[in-house]
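As structure tokens, the structure follows; a few thoughts come after it.
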Amino acid sequence: MVLIVMDGWGVAANGPGNAIARARTPVFDHLLATYPHGELQSSGLAVGLPEGQMGNSEVGHLNIGAGRVVYQDLTRITKAIEDGSFFANPVLRHAFATAGGRGSTVHLMGLVSAGGVHADLRHLVAVLRMARDQGARDVAVHAFLDGRDTPPRSAQQYLADVQLAMAEIGVGRYVTVSGRYYAMDRDTRWERTKLAYDALVYGEGISAASAAQAVTLAYERDESDEFVRPTVVEPAAWARIKDGDVCIFFNFRPDRARQLTRALFEERFTQFDRGSHPPRVDVVTMTEYKKEFPLPIAFPPVR
-15 MVLIVMDGWG VAANGPGNAI ARARTPVFDH LLATYPHGEL QSSGLAVGLP
35 EGQMGNSEVG HLNIGAGRVV YQDLTRITKA IEDGSFFANP VLRHAFATAG
85 GRGSTVHLMG LVSAGGVHAD LRHLVAVLRM ARDQGARDVA VHAFLDGRDT
135 PPRSAQQYLA DVQLAMAEIG VGRYVTVSGR YYAMDRDTRW ERTKLAYDAL
185 VYGEGISAAS AAQAVTLAYE RDESDEFVRP TVVEPAAWAR IKDGDVCIFF
235 NFRPDRARQL TRALFEERFT QFDRGSHPPR VDVVTMTEYK KEFPLPIAFP
285 PVR
């Protein structure tokens, strides 16, 4: 058996933009006329993506090689929420139990965005629901703003949506707001990560009375969502990341979550000065951010 992948070769109705249909393809025509054939769906749920989302080469090759539908992290987590298994996730349950046993704060951090590229609002809301069900008392939400996979000044709506969910669920408060330029840098611009870290851990940065005001003030400084400077909206001590706290990073895409994660858990961290006594915390990631990270993963890779 020979598997040949022809990049860019698809099945579509004839038309002025269909180069394959308009070309002379005698060999391919002969194969279709001589041998059994069929069509495969290469997008959406058929390849483990959300309904209506187009596929790509990585996803297509992964599903061909597996011989079955391999759900991508976004779809896999969303399906777990829909079927209820998310709320029995042992890693997340243990994280909340750990915080409850210590009487410590649970910190939820990630991209508050409907872009669907790095995080999903439904995942954050599900974690908040789980926090309530597990009896979590102090739940701090560190909101990272998008403006790159979403319109550049759209954060207020997403923040309001989550604020409404927190009010309905009865758990969670915004404590910091940061643009992804700082909190989700992936280019080893550690000076950016440090500004986000200092806001989360030490409460240092611009001050605002609410998450909404943090964004309003940023717009007045001509900062779009991506570039909102780290802002502290809850000055109380419980909202700072401190010894014994539990941090849950709910981004499902790993690349832009790695630097801040390293700053939070690595004992011999040398990329920037974290102070004389950086807090020792339990860090949980939604997916595998890096194979070498010795951290509990809520949704580890399916091998």
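If you count the sequence shown from 1, position 256 lands on 240 in the numbering used here, and the numbers rise without skipping.
Beta carbons are placed, not taken as given, at the ideal position from N, Cα and C, and that holds for glycine.
Please classify residue i: is it buried, with 16 or more other beta-carbons within 10 angstroms of its beta-carbon, or exposed?
i: Val286; result: exposed
i: Met38; result: exposed
i: Gly131; result: buried
i: Pro262; result: buried
i: Met(-10); result: exposed
i: Asp308; result: Here the chain has residues from -15 to 287 only, and residue 308 is not among them.
i: Asn40; result: exposed
i: Ser97; result: buried
i: Thr269; result: buried
i: Asn235; result: buried
i: Met(-15); result: exposed
i: Thr62; result: buried
i: Pro10; result: exposed
i: Leu15; result: exposed
i: Ile232; result: buried
i: Asp169; result: buried
i: Phe12; result: exposed
i: Ala(-4); result: exposed
If you run the structure through DSSP and keep just helix, strand and coil, what is residue i?
i: Phe12; result: helix
i: Phe128; result: strand
i: Leu134; result: Correcting the residue identity first, residue 134 is Thr in this sequence and not Leu. Three-state result, Thr134: coil.
i: Asp266; result: strand
i: Met38; result: coil
i: Val90; result: strand
i: Val31; result: helix
i: Val(-5); result: coil
Can you tell me which residues form a DSSP beta bridge with residue i?
i: Met(-15); result: For Met(-15), which the question treats as bridged, DSSP gives no partner whatsoever.
i: Leu95; result: Phe128
i: Val123; result: Val90
i: Ile4; result: DSSP, once it has assigned bridges, lists no residue as partnering Ile4.
Is residue i close to the ligand SAM? I mean its beta-carbon at under 7 Å from any heavy atom of the ligand.
i: Val31; result: Of the ligands one can find in the structure shown there are none, so the ligand SAM has no counterpart to examine.
Enumerated in chain order, which unbroken segments of the alpha helix (DSSP H) with a length of 4 residues or greater are wholly contained in the region 149 to 235?
164 to 167, 174 to 186 and 195 to 204
Meets three-Cβ-pair contact criterion under 8 Å: the region 240 to 257 and the region 113 to 123:
no
Stretch-stretch touch, CB-based, cutoff 8 Å, three pairs: the region 264 to 278 with the region 190 to 207:
no
Enumerate, from N- to C-terminal direction, the unbroken alpha helix (DSSP H) stretches of 4 or more residues contained entirely within the region 47 to 73.
57 to 67
Examine the Cβ distances between the region 213 to 222 and the region 150 to 164 and report whether three or more of them are shorter than 8 Å.
yes
Should the region 92 to 109 be called in touch with the region 235 to 244, which here means at least 3 C-beta pairs below 8 Å?
yes
Closer than 8 Å is the cut-off here; do at least three beta carbon pairs connect the region 220 to 230 with the region 80 to 92?
yes
Determine, using beta-carbon pairs with one atom in the region 194 to 205 and one in the region 128 to 147, whether at least three such pairs fall under 8 Å.
yes
Are the region 201 to 215 and the region 67 to 84 touching, with three or more C-beta to C-beta distances below 8 Å?
no
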